[in-house]
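Keeping their order, the protein sequence lines are chains E and C. Note that numbering that gives the first Met the number 0 numbers the first sequence so that position 168 is 167, with each residue one more than the last. Note that numbering that gives the first Met the number 0 numbers the second sequence so that position 146 is 145, with each residue one more than the last. Working notes for the structure below.
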Amino acid sequence: MVTNTPATTLRSTVGDSSAASPSPAYAAWLRGEARRANLITLTRAILLLAALVLWEVLARTHVVNPMLTSYPSAVWPTFLELLRTGDLLGHTWATFQATLVGFTVSMALGVAVAAVLWWSGFAYKVLDPFLVVANAMPKIAFVPIFYIWLGSEYSVYGMAVAISVFITIMVVFEGFRGIDPNKIKLALTLGASKWQILTMVVLPGSVPTLLAALKVNIGLALVGVIVGEFQSASEGLGFLIINGSQVFKLNIVMTAIVVLALLSGIMYLAIAHFEKATVRRYSS
Amino acid sequence: MMADTVLERPAAGPRGSSQRIEIDKVSLRYFTRQAEILALSGISLTIEPGEFVSLIGQSGCGKSTLLSIIAGILPPSDGEVRVGGKTVAAPSPRIGYMLQQDYLFEWRTILDNALLGAEIQKRDMKEARDRAVRLLEKCGMGHFLDQYPRALSGGMRQRVALARTLATDPDVVLLDEPFSALDSQTRLAIADEVVDVLRGEGKSVVLVTHDIGEAISMTDRVVVLSRRPGRIKSQHRIVFPSMPDRRPTPFEARGLPEFNEYFNTLWDELDVHVEG
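As structure tokens, this is what we get:
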């Protein structure tokens, strides 16, 4: 019967996953897929290892000057040393904590400003060129000014926000604008106020965009924090890097950079994981 | 061709409320930098409580625009629309609007989608929930209450959209080409169900479509709009003497001899010619 068509369609899509017993060909295909995935992981590990070995060998054989590059087997004791004397964890925490603050503030500020721009087409038209210039402007130029204006601690937060907030505004606003106007029309026909449209249609509809902004943001906030710490801080990985380079202890610089790489990797993965868990609900 | 016929229909069913829609000399003009455009010109039309009326016309004749005016999301330049004697000035819970596509919110379950109107209008949620569940069951979606829209086929999604439209118990329901996004088999099946549910609820209905067959098979009266500026060109009351004991379902109607007669008449009136 015609009436059954939609229901049948659904059953067939659901049915795929619950196939009785896989055919040999399917089992072979699954094994092939798993092998491919393993090969990729293995190759990545080899690549990383090769880079470390190359670094070590080139420095040890004085092809490059170990004074300038340090090398892994020298970084490792420095790492342990820094860890033992207690300040590495403290520095890492300081950077992490400042990044988190900067990232949260710029996310909140970015969404709020994007909401204002969405609310008022006039505000958007007026502010658009300023935003474009502010976004293109190299914010690093503000480091000394922020240091004078905000002091050593708050200038770090200030840099993190300054670097990430404009792109957040633009990405989030584009997301708001990308909401299907018919969804808004639907809410209007049901009598929705502008505030209800914002909170019930535009914001929840923009969750995938917000998550994408989050991913861009965390990296940029970290850049801001490190740059801020270069100038002003007495703690943090940026301080460690600048301090290490000033006393020419490249071991310390390299250790801080490796820890920084790990930190940014972990933060990015955390957000990617969160995104994966959330975005499933929002895909059509 | 008929004058603005007043159609006496049996009183609305016990469940639903229904209201007369009066469109009184409605015109709409809008401005672009290049020109002033008259989209609708002096449209007057009365839809009786419980009556199903369709508006047909070629694309660009302003039929969807007229629907937006009835819904109160677009103010007319001249004239007014009254529902149950009261002027429509803004979107109102008395008017339900079903769009061309379902526009279900991906982040809400089927039940929560159907409850959108009640939430926006800050209704009593327990009562609204009971009503929405009953409507979803009636539309054959009772097993999907907690699913998300992505699990549903196009036809099922449009049924949920119908339940969402009716969940706030509007007096009149406006359908803006509600099946245009569906494949042809699903269209036929859904048309039967939608008409069945809407008649069961006793609603007044205005259907906008460019599908002549849909207009004839689903509604009591077909109103033909002219090209821009949209005016009422003619009206046709649809009756099926070959099935005297009851009203045929849309699917049955398509098989009756009167269907083809109406189709040919309307085809001539629409004056369709393909422009290259």
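Ideal Cβ placement from N, Cα and C applies to all residues, glycine included.
Comparing the C-beta of residue i with each C-beta of chain D, is any distance below 8 angstroms?
i: W28(E); result: Considering every chain present, this structure includes no chain D. Its protein chains are E and C.
In three-state terms, what does DSSP make of residue i?
i: A191(E); result: coil
i: S233(C); result: strand
i: E268(C); result: helix
i: G95(C); result: strand
i: E50(C); result: coil
i: G264(E); result: helix
i: T31(C); result: coil
i: G78(C); result: strand
i: A269(E); result: helix
i: A162(C); result: helix
i: G201(C); result: coil
i: G150(E); result: helix
i: I144(E); result: helix
i: V193(C); result: helix
i: D129(C); result: helix
i: S26(C); result: strand
i: S43(C); result: strand
i: D15(E); result: Unreliable positioning characterises D15(E) in this predicted model, as indicated by a pLDDT of 49, which lies under 50. The coordinate reading is nonetheless provided below. Reduced to three states, the DSSP call for D15(E) is helix.
i: V62(E); result: coil
i: E21(C); result: strand
i: L73(C); result: coil
i: I36(C); result: strand
Do residue j and residue i count as a contact pair if the criterion is CB distance below 8 angstroms?
i: L181(C); j: N181(E); result: no
i: C60(C); j: S225(C); result: yes
i: G243(E); j: L249(E); result: yes
i: V164(E); j: G109(E); result: yes
i: L269(C); j: H235(C); result: no
i: V194(C); j: T108(C); result: no
i: V74(E); j: V257(E); result: yes
i: M158(E); j: L130(E); result: no
i: E228(E); j: T94(E); result: yes
i: V171(E); j: I183(E); result: no
Counting only beta-carbon atoms, is residue i nearer than 8 angstroms to chain C?
i: G120(E); result: no
i: M106(E); result: no
i: L187(E); result: yes
i: V206(E); result: yes
i: D127(E); result: no
i: A284(E); result: Because chain E spans 0 through 283 in this model, residue 284(E) falls outside it and cannot be assessed.
i: K124(E); result: no
i: P21(E); result: no
i: L9(E); result: Any answer about L9(E) is weak, because its pLDDT of 44 lies below 50 and its placement is not dependable; what the coordinates show is given next. It does; some Cβ of chain C falls within 8 angstroms.
i: K182(E); result: yes
i: Q245(E); result: no
i: A281(E); result: Inspection of the sequence shows that residue 281(E) is occupied by Tyr rather than by Ala. So yes, Y281(E) belongs to the interface.
i: Q195(E); result: yes
i: D179(E); result: yes
i: M199(E); result: yes
Would you mind reading off the limits of the beta strand (DSSP E) that contains residue i?
i: G141(C); result: Premise fails: G141(C) is in no beta strand (DSSP E) and is neither H nor E.
i: T68(E); result: Here T68(E) belongs to no beta strand (DSSP E); instead the alpha helix (DSSP H) covers 65-68.
i: D86(E); result: Per DSSP, D86(E) belongs to no beta strand (DSSP E); it is in the alpha helix (DSSP H), 86-118.
i: D175(C); result: 171-175
i: R220(C); result: 220-224
Would you say residue i lies against chain E (beta-carbon separation less than 8 angstroms)?
i: T167(C); result: yes
i: L27(C); result: no
i: Q18(C); result: no
i: Q33(C); result: no
i: A252(C); result: no
i: Q177(C); result: At residue 177(C) the sequence reads Pro, which differs from the Gln that was named. Taking Cβ atoms only, chain E never reaches closer than 8 angstroms to P177(C), which makes this a no.
i: I72(C); result: yes
i: E105(C); result: yes
i: T4(C); result: Because T4(C) carries a pLDDT of 42, less than 50, the predicted location of this residue cannot be relied on, and the following value inherits that uncertainty. No, because no Cβ of chain E sits closer than 8 angstroms to the Cβ of T4(C).
i: S91(C); result: yes
i: L98(C); result: yes
i: I69(C); result: no
i: G59(C); result: no
i: I119(C); result: yes
i: L255(C); result: no
i: Y102(C); result: yes
i: G199(C); result: no
On the DSSP letters alone, give me the boundaries of the alpha helix (DSSP H) that residue i sits inside.
i: L79(E); result: 71-83
i: S216(C); result: 211-217
i: G59(C); result: From DSSP, G59(C) is part of no alpha helix (DSSP H); its letter is neither H nor E.
i: P23(E); result: 23-59
i: V224(E); result: 206-231
i: D111(C); result: 109-113
i: F238(E); result: 236-245
Can we count residue i as close to the ligand ADP, meaning its CB is less than 7 angstroms from some heavy atom?
i: G227(E); result: Looking for the ligand ADP in the displayed structure turns up nothing, as the structure carries no ligands at all.
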